[in-house]
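Everything below concerns the one structure shown next.
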Amino acid sequence: MPQFRTLLTCILLLAAAVAAASDADRDDQLRRLEGAVSRLQQEQQSAYQQFGMVQELRRSLIQQTTPLPLPAVSGIDGDVPDYDEQVRQRKQLEEQLRRYSVELDRLYARYRELEEQKRPLLDRISELSQSR
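Position one of the sequence shown corresponds to residue 1377 (our numbering), numbered consecutively onward.
The following block contains the structure:
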């Protein structure tokens, strides 16, 4: 009987040690996952802010490019506006609008990509939290 108690005590101590190690591993894994999620959220926030800034720049440029009526006869100083210069400026504005649109698409795609990376991490955090 004393050998049985000793064996049973050893088994219980081993089980407790395994459980404690498992809890420590789970806690460590949770901390690492939460850190990774935090970094992804910060990057997402940055992309969101950049998106808002570029969107505002684009909106402002669109408002500036709304065609104003040309003077009937001449400009303020009596000169007729140069058609070629107006065409060049219009093309520059259109190119800038295109660049803004490309940048908005890129930032939106990056935001979505970060969300896709974050989703499995959040699922794993949920699993680990429920197993406590």
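We put the beta carbon where it would ideally sit given N, CA and C, even for glycine. Quantities reported herein were computed from a predicted structural model and do not represent experimental measurements.
How far does the alpha helix (DSSP H) with L1496 in it extend, from its first residue to its last? A small fix is needed here, since residue 1496 is Pro in this sequence, not Leu. P1496 -> alpha helix (DSSP H) spans 1459-1506.
Which whole-angstrom value is the C-beta distance of L1406 and I1501, which I expect to be below 8 Å? 6 Å
Nonlocal neighbours in the same chain, by C-beta distance under 6 Å from V1430, ignoring five residues either side: Y1476, E1479, L1480
Integer Cβ distance of Q1426 from L1497, believed to fall under 8 Å: Contact doesn't hold; Cβ gap of about 23 Å is too wide.
Roughly how many whole angstroms lie between the Cα atoms of Q1465 and P1457? 12 Å
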